[in-house]
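Protein chains: 2
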Amino acid sequence: MANHGKRFDDSTASQCLSCYLKALCLPRDLTPEQFGTLGRIVDAPVRLDKRESLVQQGATFSHLYAVRTGSLKQVTDGANSETLLTALYLPGDIIGFDSIGSGHYSGTIVALESSSVCRLPFECLDELSSRMPILRRHLQRNISRTMQEERLRLHQLLSRTAEARLAYFLLGISNRFRQRGYSPHHFRLAMSRGDIGSYLGLTHETVGRTLAAYQAQRLLYVSGRDYHLLDVTRLERLASSTGRRQKRA
Amino acid sequence: MANHGKRFDDSTASQCLSCYLKALCLPRDLTPEQFGTLGRIVDAPVRLDKRESLVQQGATFSHLYAVRTGSLKQVTDGANSETLLTALYLPGDIIGFDSIGSGHYSGTIVALESSSVCRLPFECLDELSSRMPILRRHLQRNISRTMQEERLRLHQLLSRTAEARLAYFLLGISNRFRQRGYSPHHFRLAMSRGDIGSYLGLTHETVGRTLAAYQAQRLLYVSGRDYHLLDVTRLERLASSTGRRQKRA
DNA sequence: CGTTAGGTTGAATCCTCTCAACAGCCGTGG
DNA sequence: CCACGGCTGTTGAGAGGATTCAACCTAACG
Chain A
1 MANHGKRFDD STASQCLSCY LKALCLPRDL TPEQFGTLGR IVDAPVRLDK
51 RESLVQQGAT FSHLYAVRTG SLKQVTDGAN SETLLTALYL PGDIIGFDSI
101 GSGHYSGTIV ALESSSVCRL PFECLDELSS RMPILRRHLQ RNISRTMQEE
151 RLRLHQLLSR TAEARLAYFL LGISNRFRQR GYSPHHFRLA MSRGDIGSYL
201 GLTHETVGRT LAAYQAQRLL YVSGRDYHLL DVTRLERLAS STGRRQKRA
Chain B
1 MANHGKRFDD STASQCLSCY LKALCLPRDL TPEQFGTLGR IVDAPVRLDK
51 RESLVQQGAT FSHLYAVRTG SLKQVTDGAN SETLLTALYL PGDIIGFDSI
101 GSGHYSGTIV ALESSSVCRL PFECLDELSS RMPILRRHLQ RNISRTMQEE
151 RLRLHQLLSR TAEARLAYFL LGISNRFRQR GYSPHHFRLA MSRGDIGSYL
201 GLTHETVGRT LAAYQAQRLL YVSGRDYHLL DVTRLERLAS STGRRQKRA
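So the sequences go chain by chain: A and B. Using UniProt numbering, read the first sequence as starting at 1 and increasing by one per residue. Using UniProt numbering, read the second sequence as starting at 1 and increasing by one per residue.
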């Protein structure tokens with residue numbers, strides 16, 4: 001690093017210090033000094049316009065990215081020329097964990113709206129983590145947790161109906177907003193119906209129809225990409241039921 | 001560790017040295033000394049009978065396990081008293097990556113047949129990895145790769161028919177056997193139809209019917225839990241198509 | 001102001017689930 | 001040794017849900 005000698009409260013470091021998301025992307029209980037060391041390797045934030053892409057699928061992996069504002073999607077195209085939405089990133093999320101293993105970004109990252117992200121050079125981070133067990137743990141935890149959550153989530157979705165899948169999805173989003181300090185009942189989701197469908201394995205028509213059905217039952221109110229969850233309890237019941245006819249005991 | 005002074009070719013170390021799976025669970029290009037250090041922290045292998053469980057869901061996380069022989073499944077029960085088969089482990093696989101984050105095992109691990117596994121104390125492994133970058137990288141890669149593979153796989157499955165899901169699944173198994181040096185065309189899968197269904201989000205009837213349909217088309221031959229893949233090319237076509245009617249361009 | 005992408009709605013088709021009945025295999029226990 | 005129940009796997013019939021295809025509507029944007 002060129003700025004090796006800088007004090008921990010220099011401009012880049014304070015970027016992290018002042019960031020209200022630090023509880024999400026950084027370990028807690030860092031000493032000010034550790035904080036400084038870490039902040040020093042963070043590059044200046046990158047600004048992205050809507051639809052602009054951060055990295056291309058297949059490009060060689062070099063940085064992790066922490067979402068500061070806005071939201072981004074990961075689209076991956078498989079062998080058979082189908083492209084799937086494989087991840088949604090909200091402020092505080094770290095992008096790129098899934099690309100460490102192969103050395104190439106596993107999908108194209110596209111901004112769903114104007115967004116800004118922090119660049120984290122992985123080499124530096126890795127080198128640092130060998131000397132800072134607390135950081136190593138934090139990274140491990142973060143990877144491991146997202147892996148286990150996603151595994152369970154996707155397996156649960158596999159056997160569910162569109163009704164349950166959507167409820168499950170919306171409640172997940174709601175929780176993520178809650179963790180970030182936003183309202184869990186009212187939020188804007190910058191994804192199209194098609195995006196949601198791609199993520200959940202449904203067609204855009206089905207997504208729309210299901211949302212309409214929810215509205216008819218007063219479970220939520222949707223206007224465009226604005227969502228108001230009205231009856232979370234009932235949505236939870238829906239999400240955790242298979243949505244199918246009861247198998248008789 | 002009590003056995004800190006042991007030479008690298010002592011009994012536990014040689015266990016790994018002589019293990020034909022070391023290419024899978026250990027980094028390649030280790031010096032004999034590093035090899036010894038690593039081998040020293042590996043506990044004696046654990047033997048499991050069919051149906052015996054290795055760890056219970058929710059137990060506090062302490063060890064990773066490397067599968068030596070046999071096969072195991074991870075079953076996770078969600079909130080709503082449904083239990084899902086969330087992972088299948090074959091020789092050379094590492095069990096437990098998904099449990100580092102939460103500190104608790106994320107599912108019960110059950111042997112599908114008589115199996116043996118190596119215990120890897122995570123604390124030691126982690127401590128070691130701070131001094132051995134090559135090991136740290138290997139662990140990171142392993143976690144990251146399984147995470148990304150699984151994410152893509154499950155998202156692809158979400159929008160596919162039973163026909164495509166099963167083909168996809170069987171080809172995945174086939175590849176894993178190939179990597180391990182077994183025949184990719186003929187193998188025994190110790191899972192029941194119900195297990196497969198749970199993993200893929202299908203009912204056991206559908207699994208059976210689909211296998212029967214494959215046999216009628218001479219794509220494969222199944223007898224009980226013995227599988228012979230006859231026409232891999234055609235299976236691959238099936239697996240990578242959605243299985244649905246072609247959407248017209 | 002026209003074009004395009006996103007969204008809604010309807011009708012028909014197809015796939016998978018549910019339910020039910022039955023065959024085979026295995027271990028237990030009489 | 002055989003009977004028994006339990007577990008696993010197979011097959012069939014009917015119902016329900018998601019998809020495909022088509023038409024139409026809206027909002028955004030050059």
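Idealized CB from N, CA, C, for every residue including glycine.
Test item: CB-CB of residue i and residue j under 8 Å
i, j, result
"A:A167", "A:L235", "yes"
"B:G92", "B:R178", "no"
"B:P45", "B:R68", "yes"
"B:L120", "B:L30", "no"
"B:H185", "B:R193", "no"
"A:T161", "A:R244", "yes"
"A:L220", "A:L229", "yes"
Spatial distance of residue i from residue j (CA atoms)
i, j, result
"A:S129", "B:V55", "30 Å"
"B:E52", "B:P27", "30 Å"
"B:S159", "A:S198", "8 Å"
"A:D43", "A:Q217", "48 Å"
"A:L24", "A:R145", "13 Å"
"B:T108", "B:F122", "18 Å"
"A:A212", "A:Y227", "12 Å"
"A:G172", "B:Y20", "43 Å"
"A:T206", "A:I196", "10 Å"
"A:F183", "A:V222", "Before going further, note that residue 183 of chain A is Ser rather than Phe in the sequence given. C-alpha separation (whole angstroms): 15 Å."
"B:D77", "A:S241", "13 Å"
"B:L72", "A:S115", "43 Å"
"B:D137", "A:A66", "According to the sequence as given, residue 137 of chain B is Arg; it is not Asp. Spanning the two alpha carbons is a distance of roughly 21 Å."
"A:Q57", "B:Q148", "13 Å"
"A:R225", "A:R209", "15 Å"
"B:L170", "A:G201", "21 Å"
"B:I134", "B:K50", "35 Å"
"B:G101", "B:R188", "33 Å"
"B:L84", "B:E113", "19 Å"
"residue 253 of chain B", "B:C124", "Missing from the structure shown is residue 253 of chain B; chain B here goes from 1 to 249 and no further."
"A:N3", "B:L152", "Residue placement at A:N3 is poorly supported in this model, since its pLDDT is 38, which falls under 50; the coordinates still yield a value, given next. A:N3 and B:L152: Cα-Cα distance of roughly 39 Å."
"B:M1", "A:D231", "With a pLDDT of only 39 at B:M1, under 50, the local geometry of the prediction cannot be trusted, and the value read off the model is given with reservation. Rounded to whole angstroms, B:M1 to A:D231 spans 55 Å at the Cα level."
"B:G39", "B:Q215", "46 Å"
"B:G36", "B:S62", "22 Å"
"A:L106", "A:T60", "What sits at residue 106 of chain A in the sequence shown is Ser, not Leu. If I take the Cα positions, the gap works out to 10 Å."
"B:R176", "B:E82", "28 Å"
Coil, strand or helix - residue i by DSSP
i, result
"A:F169", "helix"
"B:D126", "helix"
"B:D29", "coil"
"A:T37", "helix"
"B:V232", "helix"
"A:F97", "helix"
"A:Q74", "strand"
"B:D43", "coil"
"A:S106", "coil"
"A:S241", "coil"
"B:A2", "Confidence in B:A2 is poor, its pLDDT being 39 and thus under 50, which makes the residue's placement unreliable; the coordinate value appears in the next sentence. Coil."
"B:C16", "helix"
"A:D195", "helix"
"B:L112", "coil"
"B:R7", "Only weak support exists for where B:R7 lies, its pLDDT of 38 falling under 50; the coordinates are left without a value."
"B:L120", "strand"
"A:A249", "Its pLDDT being 47, under 50, A:A249 is placed unreliably in this model, and the value from its coordinates should be taken loosely. DSSP places A:A249 in coil when its eight states are reduced to three."
"B:L200", "helix"
Nearest candidate by alpha-carbon position, reference residue i, set the options
i, options, result
"A:A190", "A:P32, A:N142, A:G70 and A:L64", "A:G70"
"A:A111", "A:G39, A:R237 and A:Y89", "A:Y89"
"B:D98", "A:A162, A:L170, A:G201 and A:Q140", "A:Q140"
"A:N80", "B:Q156, B:G194 and B:H185", "B:Q156"
"A:T233", "A:S192, A:S174, A:G201 and A:E127", "A:S174"
"B:I95", "B:R176, B:N142 and B:K50", "B:N142"
"A:A87", "A:L154, A:C16, A:L238 and A:T210", "A:L154"
"B:D126", "A:L84, A:M132 and A:R40", "A:M132"
Beta strand (DSSP E) segment containing residue i, residue limits
i, result
"B:Y214", "B:Y214 -> not in any beta strand (DSSP E); alpha helix (DSSP H) instead, spanning H204 to A216."
"residue 254 of chain A", "Nothing about residue 254 of chain A can be read from this structure; chain A reaches only from 1 to 249."
"B:L64", "H63 to T69"
"A:Y20", "Per DSSP, A:Y20 belongs to no beta strand (DSSP E) and is neither H nor E."
"B:Y182", "Looking at the DSSP string, B:Y182 is not in any beta strand (DSSP E), and its letter there is neither H nor E."
"A:A87", "T83 to Y89"
"A:L220", "L220 to S223"
"B:L54", "S53 to V55"
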